[in-house]
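Trainee: Protein sequences appear in the order of chains R and W.
Read in order, the letters of the first sequence correspond to residues 1 to 206 in the working numbering.
Read in order, the letters of the second sequence correspond to residues 1 to 132 in the working numbering.
All residues carry an ideal CB built from backbone N, CA and C; glycine is no exception.
Dropping a structure here in structure tokens format, bear with me for questions.
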Amino acid sequence: MNMNEIAELTTTKASPEVFQQLGTITRQLHDALHQLGVMPKLQKAADGIPDARSRLNYIAEKTGAAANRVLNLVDQAKGEHARIAEQTRAIAQSIVADPVKAVASGSLMNFVGDVESATQRIDQHLTDIMMAQDFHDLTGQVVAKVVALAGDLEDSLIKLLVQAAPAEHAKVVEATLNGPVVNPEGRTDVVANQSEVDDLLASLGF
Amino acid sequence: MTAPTDMKFLIVDDFSTMRRIVRGLLKEIGYLNAEEAEDGAVALQMLKNAKFDFVVSDINMPNMNGFELLSQIKKDDGLKHLPVLMVTAEARKEDIVRAAQDGAAGYIVKPFTKATLEEKVQKIMLKLAATA
């Protein structure tokens, strides 16, 4: 049933008999849920959804902040590196042109001092990059909790589907876009790497 | 034709970190001129308001996804010449085939390397140069 059909149904003026039937069906469903014994677990899982949402937001924020922090630090370290490389080329040219002047003018010692300062700053950037990975530990724990919650919800819904879904509605409809494939092994509908993408496109003449 | 290093890229991805990564990689490859859009709708507006030479787009995005953006670009006489490289986590074969049939110039699955991005961009550039 598509959205237009659903919209048509909801805008149709239903008779009292239809509402009575809907009430009966709802009551039957409610009783069935209790009889199936899945309601308490489903309720518990459903109650956890807002919490799961906040946990997932937490992960998104934590990982996003860490990624941005790392990228900023890499930008800074690359800048330092570029400056050192440029200064190295300049001092090399000075030494080749006039070694005595390069030493006597203090250019060489200035360069040595600059290199030392820059390496200290780069070392600090590297340490900060390492520290930015601390999100992994925190988010890992949160992920484990969300996965457990999702597992509970999945168990409950599968029980419900098996018991309640009419055969013609049992077909699982896949989402249009699935995102990353976590386990490509044994699947023929997905590619596992870039070379498989290239092979597929080449086989189609692209 | 615009010189390769002057080419203006539009990077479309709902994750700012991924936009930064792609932008950083393009910079390392030698393409310094790039702008960013967080979804297809924003990208389409930017493409209509300014001249771009190359689009690198994610697929799974809010508001307007990459397939819709690709379709809009290919429907527009002023934009259909633009090469669109899809860079996405969508690894289903039917998505890859659909992108190619809809006119994508290339398809990269995440996670990817700098070498892969460079190879695909260069390949597309060569194709463009050959047909120019």
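According to the Cβ coordinates, are alanine 105 of chain W and leucine 85 of chain W closer than 8 Å?
Mentor: The answer is yes: Cβ separation under 8 Å.
Trainee: Counting only runs that start and end within the segment 58 to 113 of chain W, where is the alpha helix (DSSP H) found for 4 or more residues in a row?
Mentor: Here the runs fully enclosed are 66 to 75, 93 to 101.
Trainee: Return the first residue and the last residue of the beta strand (DSSP E) that phenylalanine 206 of chain R is part of.
Mentor: From DSSP, phenylalanine 206 of chain R is part of no beta strand (DSSP E); its letter is neither H nor E.
Trainee: Please report whether the beta-carbon of valine 172 of chain R lies at a distance below 8 Å from any beta-carbon of chain W.
Mentor: The pLDDT assigned to valine 172 of chain R is 49, lower than 50, so where the model puts this residue is not dependable; a value taken from the coordinates is nonetheless given after this. False, the Cβ-Cβ gap to chain W never drops below 8 Å.
Trainee: Going by C-alpha to C-alpha distance, which of W:Arg98, W:Ile108, W:Ala115 sits closest to leucine 204 of chain R?
Mentor: The shortest C-alpha separation from leucine 204 of chain R is found at W:Arg98.
Trainee: For lysine 62 of chain R and phenylalanine 135 of chain R, which I take to be in contact (beta-carbon distance under 8 Å), what is that distance rounded to the nearest angstrom?
Mentor: So it is a contact: roughly 4 Å between Cβ atoms.
Trainee: Which residues in chain W have a C-beta closer than 8 Å to the C-beta of asparagine 57 of chain R? List them in chain order.
Mentor: Within chain W, no residue comes near asparagine 57 of chain R; the closest Cβ sits about 14 Å away, beyond 8 Å.
Trainee: Where do the ends of the alpha helix (DSSP H) carrying asparagine 110 of chain R lie?
Mentor: 107 to 132 is the extent of the alpha helix (DSSP H) around asparagine 110 of chain R.
Trainee: Here's the rule: buried if 16 or more other CB atoms are within 10 angstroms of the residue's CB, otherwise exposed. What is methionine 61 of chain W?
Mentor: By the 10 Å Cβ count, methionine 61 of chain W comes out buried.
Trainee: Of all the residues that make up the segment 55 to 83 of chain R, which are near chain W by a beta-carbon distance shorter than 7 Å?
Mentor: Result list: Gly64, Ala67, Asn68, Leu71.
Trainee: From which residue to which residue does the beta strand (DSSP E) around valine 12 of chain W run?
Mentor: Where valine 12 of chain W is concerned, the enclosing beta strand (DSSP E) stretches over 8 to 12.
Trainee: Would you identify the three-state DSSP class for asparagine 68 of chain R, choosing helix, strand or coil?
Mentor: Looking at asparagine 68 of chain R - three-state DSSP - the assignment turns out to be helix.
Trainee: Would you identify the three-state DSSP class for asparagine 33 of chain W, choosing helix, strand or coil?
Mentor: Strand, per DSSP.
Trainee: I need the straight-line Cα distance from threonine 131 of chain W to valine 56 of chain W, nearest angstrom please.
Mentor: Cα to Cα, threonine 131 of chain W sits roughly 20 Å from valine 56 of chain W.
Trainee: Can you name the residues of chain R whose CB is closer than 7 Å to the CB of lysine 93 of chain W?
Mentor: Near lysine 93 of chain W (Cβ distances below 7 Å), the residues of chain R are Asp189, Val190, Val191, Leu200.
Trainee: The alpha helix (DSSP H) with glycine 40 of chain W in it runs from where to where?
Mentor: Residues 40 to 49.
Trainee: In terms of alpha-carbon separation, which member of R:Thr127, R:Asp114, R:Asn72 lies closest to alanine 90 of chain R?
Mentor: For the residues R:Thr127, R:Asp114, R:Asn72, the minimum Cα distance to alanine 90 of chain R belongs to R:Asp114.
Trainee: By how many angstroms is the C-alpha of aspartate 155 of chain R removed from the C-alpha of valine 172 of chain R?
Mentor: Residue placement at valine 172 of chain R is flagged as unreliable, the pLDDT there being 49, under the threshold of 50; a coordinate-derived value is accordingly withheld.
Trainee: What do you get for lysine 120 of chain W, buried or exposed, if any count of 16 or more other CB atoms within 10 angstroms of its CB means buried?
Mentor: Result: buried.
Trainee: For the segment 65 to 78 of chain W against the segment 43 to 53 of chain W, do three or more pairs of beta-carbon atoms, one drawn from each stretch, fall closer than 8 Å, so that the two count as touching?
Mentor: Flag = yes, the segment 65 to 78 of chain W and the segment 43 to 53 of chain W touch.
Trainee: Using a threshold of 8 Å, state whether the C-beta atoms of phenylalanine 52 of chain W and glutamine 194 of chain R are closer than that.
Mentor: No, Cβ-Cβ distance for phenylalanine 52 of chain W and glutamine 194 of chain R is not below 8 Å.
Trainee: Taking just the CA atoms, how far does glutamate 28 of chain W sit from valine 191 of chain R?
Mentor: Spanning the two alpha carbons is a distance of roughly 28 Å.
Trainee: Hey, isoleucine 73 of chain W and leucine 82 of chain W are a contact pair by Cβ (cut 8 Å); roughly how many whole angstroms apart?
Mentor: Isoleucine 73 of chain W to leucine 82 of chain W, Cβ: 6 Å. Contact.
Trainee: Answer yes or no: does any C-beta atom of chain W fall closer than 8 Å to that of phenylalanine 206 of chain R?
Mentor: Chain W, which has a Cβ nearer than 8 Å to the Cβ of phenylalanine 206 of chain R, makes this yes.
Trainee: With DSSP run on the structure shown, which of helix, strand or coil describes valine 55 of chain W?
Mentor: Note: valine 55 of chain W maps to strand in three-state DSSP.
Trainee: Between which two residues does the alpha helix (DSSP H) harbouring alanine 102 of chain R extend?
Mentor: Here the alpha helix (DSSP H) through alanine 102 of chain R covers 99 to 104.
Trainee: Please state whether the Cβ-Cβ distance between phenylalanine 54 of chain W and phenylalanine 15 of chain W is less than 8 Å.
Mentor: No.
Trainee: On the premise that valine 12 of chain W lies in contact with alanine 37 of chain W, defined as a C-beta separation below 8 Å, what is that separation, rounded to the nearest angstrom?
Mentor: That belief holds up - the Cβ atoms of alanine 37 of chain W and valine 12 of chain W are roughly 5 Å apart, short of 8 Å.
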